[in-house]
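Structure first, commentary second.
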Amino acid sequence: MQVSQQEKLTTIFWSFLKIGAVLFGGGYAMLPLLENEIVRRRKWCSHEEMSDTFAMAQLIPGVVAINTAMLVGHQLRGARGTIAATLGVVGVPFAVLLAYAIAFDRFREARWLLDATAGLRPAVAGMMLGMAYTLFTRARKTRLGLAVSLAAVALVLVFKVSAVAVILGGAGGGIIWHLLSSRIESNRDGSTRLEN
14 MQVSQQEKLT TIFWSFLKIG AVLFGGGYAM LPLLENEIVR RRKWCSHEEM SDTFAMAQLI
74 PGVVAINTAM LVGHQLRGAR GTIAATLGVV GVPFAVLLAY AIAFDRFREA RWLLDATAGL
134 RPAVAGMMLG MAYTLFTRAR KTRLGLAVSL AAVALVLVFK VSAVAVILGG AGGGIIWHLL
194 SSRIESNRDG STRLEN
């Protein structure tokens with residue numbers, strides 16, 4: 014991630030506060046908003062780097078959107094950037110959740126609230142589907158990426174394998190692939206030197 018180390022902490026905080034303010038439907042629904050703010054608007058990283066950050070966020074226990082914010086904040090300004098991004102992304106949801114908890118008994122049967130959440134669910138599902146398609150189109154640029162993407166879908170949807178197992182398997186497979194590729198490359202370089 015190529016960014017200035019002088020990125021203002023207030024800029025990081027406000028960027029993630031805006032995203033956190035519309036955190037409906039869970040962390041995955043927030044991913045398109047994160048990408049729009051971080052890649053398109055702020056240009057803190059490329060689309061490929063953002064996809065890598067999403068993947069890394071999956072390996073950390075916790076909410077994927079918060080994990081992503083922490084990783085981006087750390088890449089921008091280290092520990093202080095992590096704190097600024099985390100406080101920004103959780104600030105509004107925490108305040109709303111606190112207010113909701115206080116008012117829950119009074120409004121839990123309110124028709125307007127039930128109607129609002131019923132309309133929100135399909136919108137969130139559409140956002141998640143759109144983000145899944147975007148990540149898939151990036152992954153399928155290589156044969157390996159396409160094969161891994163389709164295998165993950167089959168394992169989760171057809172064979173009912175735990176998503177955690179698929180994520181850990183993908184991480185392990187990526188490490189093995191990197192080690193094998195590095196070994197093949199070093200052997201090829203050694204052979205070239207011997208020939209010369």
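Sequential numbering from 14 applies to the sequence shown in the working numbering. In this text, a Cβ means the ideal position worked out from N, Cα and C, and glycines have one as well.
* **Contact under 8 Å by Cβ, PHE26 with GLY143** => Contact: no.
* Asked: If you draw a straight line from the C-alpha of LEU168 to the C-alpha of GLY182, how long is it?
  -> The alpha-carbon atoms of LEU168 and GLY182 are separated by roughly 11 Å.
* Could you tell me whether the Cβ atoms of MET43 and ILE51 are closer together than 8 Å? => Taking 8 Å as the Cβ cut-off, MET43 and ILE51 do not qualify as a contacting pair.
* SER195 to THR130, Cα distance in whole Å? -> Our two residues, SER195 and THR130, have alpha carbons roughly 50 Å apart in a direct line.
* Hey, quick one: how far does the alpha helix (DSSP H) through VAL161 stretch, first residue to last? -> That run of the alpha helix (DSSP H) goes 156-166.
* Could you check where the alpha helix (DSSP H) with PRO135 kicks off and where it finishes? -> Going by DSSP, PRO135 is part of the alpha helix (DSSP H) stretching over 124-152.
* To do: Give the straight-line distance between the Cα atoms of LEU133 and GLY94, rounded to the nearest whole angstrom.
  => About 32 Å.
* Would you mind working out which of PRO74, ALA97 and GLY75 sits nearest VAL85, comparing C-alpha positions? => Taking each of PRO74, ALA97 and GLY75 in turn and checking the Cα distance to VAL85, the smallest one comes out for ALA97.
* Asked: Rounded to the nearest angstrom, how far is the Cβ of MET83 from that of THR66, given a contact under 8 Å?
  -> Your pair MET83 and THR66 does not check out as a contact, with CB atoms roughly 10 Å apart and the cut at 8 Å.
* Using a Cβ-Cβ cut-off of 7 Å (strictly less than) and excluding sequence neighbours within five positions of LEU30, which residues of its own chain qualify? -> Its chain contains GLY101, GLY104 and VAL105 as the residues whose beta carbon lies nearer than 7 Å to that of LEU30, once the 5 sequence neighbours on both sides are disregarded; these appear in chain order.
* Asked: Among ASN80, TRP190, ALA165 and LEU193, which residue has its Cα nearest to the Cα of ALA178?
  -> By alpha-carbon distance to ALA178, the top candidate from ASN80, TRP190, ALA165 and LEU193 is ALA165.
* Is the beta carbon of LEU47 sitting closer than 8 Å to the one on THR24? -> Going by beta carbons, LEU47 and THR24 fall outside the 8 Å limit.
* **Whole-number beta carbon distance between LEU159 and ARG153, since they are thought to touch under 8 Å** => Contact between ARG153 and LEU159 is confirmed by a C-beta separation of about 4 Å, below the 8 Å threshold.
* Quick one: does the C-beta of ARG201 sit closer than 7 Å to a heavy atom of the ligand PLP? -> You won't find the ligand PLP in this model; it holds no ligand whatsoever.
* **Option nearest LYS21 by Cα separation, candidates LEU89, LEU148, LYS173 and ARG124** => Of the candidates LEU89, LEU148, LYS173 and ARG124, the one whose C-alpha sits nearest the C-alpha of LYS21 is LEU89.
* Asked: Span of the alpha helix (DSSP H) holding ALA70?
  -> Per DSSP, the unbroken alpha helix (DSSP H) holding ALA70 starts and ends at 60-71.
* Separation of HIS191 from ASP202, as counted between CA atoms -> Linking ASP202 to HIS191 through their CA atoms gives a straight-line distance of about 16 Å.
* To do: Measure the C-alpha to C-alpha separation of PRO74 and CYS58 and round it to an integer number of angstroms.
  => Distance between the alpha carbons of PRO74 and CYS58 is about 23 Å.
* To do: Quick one: using the 10 Å Cβ neighbour count with 16 as the cut-off for buried, is SER28 buried or exposed?
  => Buried, since its Cβ has 16 or more Cβ neighbours within 10 Å.
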